[in-house]
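Below is one structure, written out as structure tokens; the observations come after it.
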Amino acid sequence: MKAKDCIFFLLNKASQSGTRYLADILSAFPVTPKQGLILIFLLEEDAVTSARLGKRVGLDSATLTGIIDRLEKMALVQRRKNPSDRRAIRICLSDRGVQVAKEIYTETKTASQAFLSDLSDIEKKILRSLLRRVHAK
48 MKAKDCIFFL LNKASQSGTR YLADILSAFP VTPKQGLILI FLLEEDAVTS ARLGKRVGLD
108 SATLTGIIDR LEKMALVQRR KNPSDRRAIR ICLSDRGVQV AKEIYTETKT ASQAFLSDLS
168 DIEKKILRSL LRRVHAK
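The numbers in the sequence shown follow my numbering, run straight up by one, and end at 184.
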């Protein structure tokens, strides 16, 4: 097998291409691609514990804490006490965060379609299915 055919190399290069593409799309916003995706996850399910959010986005606690710290400094999210568990903190979108997250969602949805535009609908479905299976490992 040649190095360029190694699945780990190919996955890494695909990830880099996608991240660069998304970074270009989100350059009009004050966020990184990871921060933008966190905002989209919060738009789908707001006021979640950091543990739940970390599990949903697949980030460890230390990485997620740093991202939330930066989003909080930009006034896009807020940390609030959890009324049902005083030990847990809920991560919530601020009013500005909701607005920015909605804009990022729209741009990301369009970018997702454009990024895969040279694939047929069947190829897109297969690619997503395969990536989900690989991700589940």
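Glycine is no exception: its CB is placed at the ideal position from the N, C-alpha and C atoms.
Query, Result
"Could you name the residues of the same chain whose beta carbon sits closer than 8 Å to that of E119, not counting the 5 residues immediately before and after it, in chain order?", "Q125 and R126"
"Over the uninterrupted beta strand (DSSP E) stretch that includes L111, give me the two end residues.", "Here L111 belongs to no beta strand (DSSP E); instead the alpha helix (DSSP H) covers S108 to K120."
"Alpha carbons only, please: which of G101, M121 and A122 is nearest the one belonging to T112?", "G101"
"Going by DSSP, what residue range makes up the alpha helix (DSSP H) through L57?", "I54 to I72"
"For the candidate residues L86, L163, N129 and R179, whose alpha-carbon lies nearest to that of M121?", "L86"
"R180: buried (16+ other C-beta within 10 angstroms of its C-beta) or exposed?", "exposed"
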